[in-house]
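Enquirer:
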Amino acid sequence: MPMAVLSNFLIYCVINAFTPGPGNILALNTVTNYGYKKGKPLFFGIFAGYYVVQILCAIFVYGVNSLLPNVMEVMKYIGAAYILWLALHIVFSNPEMPIHIVFSKPSTENAEQSASFLKGFMLQFVNVKIYMFGVTALTGYVVGYMSSFPALLFFELVIATIGTIVTCTWIGLGVLIQKFYLRHFRVINIILALTLLECIWGMLR
Numbered sequence: 000m001p002m003a004v005l006s007n008f009l010i011y012c013v014i015n016a017f018t019p020g021p022g023n024i025l026a027l028n029t030v031t032n033y034g035y036k037k038g039k040p041l042f043f044g045i046f047a048g049y050y051v052v053q054i055l056c057a058i059f060v061y062g063v064n065s066l067l068p069n070v071m072e073v074m075k076y077i078g079a080a081y082i083l084w085l086a087l088h089i090v091f092s093n094p095e096m097p098i099h100i101v102f103s104k105p106s107t108e109n110a111e112q113s114a115s116f117l118k119g120f121m122l123q124f125v126n127v128k129i130y131m132f133g134v135t136a137l138t139g140y141v142v143g144y145m146s147s148f149p150a151l152l153f154f155e156l157v158i159a160t161i162g163t164i165v166t167c168t169w170i171g172l173g174v175l176i177q178k179f180y181l182r183h184f185r186v187i188n189i190i191l192a193l194t195l196l197e198c199i200w201g202m203l204r
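Following this line, the structure appears as structure tokens:
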């Protein structure tokens, strides 16, 4: 894999992982309402679910590439369209929505129920963002150079690890990130969107 392609792959992964998604927001909401200690089961559930979903994405892409190799070229363009949508979504996103979620009041459930491992784990199975994340990264940057299952699995585990590190960052620094983002959201959004457009160029050229 050329270094330029690998760089675009990593840039895409970091930007996609850092944008507010269900896992990041739920983790931040939980640590805000219940603290790190009580929220740990949910955090580990989010991490475990992330890895399992990315393994499923590797199996899916490997299966499609093996049975219908011509479909990969089409999926690459679908992935590019998704990244374009993500870039536009970032530019026009409402910066106040994550803050509203973060500072929502705790529910009447006790902390053990609200911050359970199963809740975090199952969230990832309905988190469309990380499915698109995993499939797009492989079809757009990896399959054209490496198509063996071990290689695809390796890159999906890299994606899951980046996602886990980012979620940990949201847990530890999420409120500070949100405050900084609110002050400079327009400039940050434009920079992120332009960077994603460069990733599309790297994917299609």
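Residue numbers for the sequence shown follow numbering that gives the first Met the number 0, so the first one is 0 and each next one is one higher. The beta-carbon is built from N, C-alpha and C at its ideal position, and this holds for glycine as well.
(1) Do you know offhand how far G139's Cα is from L27's?
(2) How would you label C198, buried or exposed, when you count the other beta carbons within 10 angstroms and need 16 or more for buried?
(3) Assuming F116 and L41 make a contact with CB atoms under 8 Å, what is their CB distance in whole Å?
(4) Answer with buried or exposed for F43, where buried requires no fewer than 16 other C-beta atoms within 10 angstroms of its C-beta.
(5) Identify the continuous alpha helix (DSSP H) that holds M2 and give its terminal residues.
(6) Just verifying my parser: in three-state terms, what is the DSSP assignment at Y144?
(7) DSSP state of V125, grouped into three classes?
(8) Is the beta carbon of I89 sitting closer than 7 Å to the one on N7?
(9) Run through DSSP, which three-state label would A159 get?
(10) Looking at C-beta atoms only, is the number of pairs between the segment 8–28 and the segment 143–163 that lie closer than 8 Å three or more?
(11) So, are the CB atoms of C12 and I158 less than 7 Å apart?
(12) Run through DSSP, which three-state label would G78 get?
(13) Out of L66, I58, L87, K37, which has the shortest C-alpha to C-alpha gap to T18?
(14) Classify K75 as buried or exposed, calling it buried when 16 or more other Cβ atoms lie within 10 Å of its own Cβ.
Expert: Reading it off the structure:
(1) Residue numbering aside, residue 139 sits at position 140 when the sequence shown is read from its first letter. Residue numbering aside, residue 27 sits at position 28 when the sequence shown is read from its first letter. Computed Cα separation, rounded: 30 Å.
(2) For the purposes of this step, residue 198 is identified with residue 199 of the sequence shown, where counting begins at 1. Its Cβ being crowded by 16 or more others within 10 Å, C198 is buried.
(3) In the sequence shown, the residue the question calls residue 116 occupies position 117. In the sequence shown, the residue the question calls residue 41 occupies position 42. At roughly 7 Å, the Cβ-Cβ gap stays under 8 Å, so F116 and L41 are in contact.
(4) By 1-based counting over the sequence shown, the position of residue 43 is 44. Answer is exposed; the Cβ neighbour count stays below 16.
(5) Residue mapping note: residue 2 aligns to position 3 of the sequence shown, counting from 1. M2 -> alpha helix (DSSP H) spans 2–17.
(6) One-based indexing of the sequence shown puts residue 144 at position 145. In this structure, Y144 counts as coil in the three-state DSSP scheme.
(7) Residue mapping note: residue 125 aligns to position 126 of the sequence shown, counting from 1. Looking at V125 - three-state DSSP - the assignment turns out to be coil, as it is neither helix nor strand.
(8) Taking the sequence shown and counting its residues from 1, the one referred to as residue 89 is at position 90. Taking the sequence shown and counting its residues from 1, the one referred to as residue 7 is at position 8. Result no, Cβ atoms of I89 and N7 do not sit closer than 7 Å.
(9) On the sequence shown, position 160 is the one that residue 159 refers to. Helix, per DSSP.
(10) yes
(11) One-based indexing of the sequence shown puts residue 12 at position 13. One-based indexing of the sequence shown puts residue 158 at position 159. In contact: C12 and I158 (Cβ atoms closer than 7 Å).
(12) Position 79 of the sequence shown, counting from 1, holds the residue named residue 78. Correct three-state label for G78: helix.
(13) Start at 1 with the first residue of the sequence shown, and residue 18 comes out as number 19. Closest option to T18, Cα to Cα, is L87.
(14) The count along the sequence shown starts at 1 and reaches residue 75 at position 76. It is buried - the Cβ of K75 has at least 16 other Cβ atoms within 10 Å.
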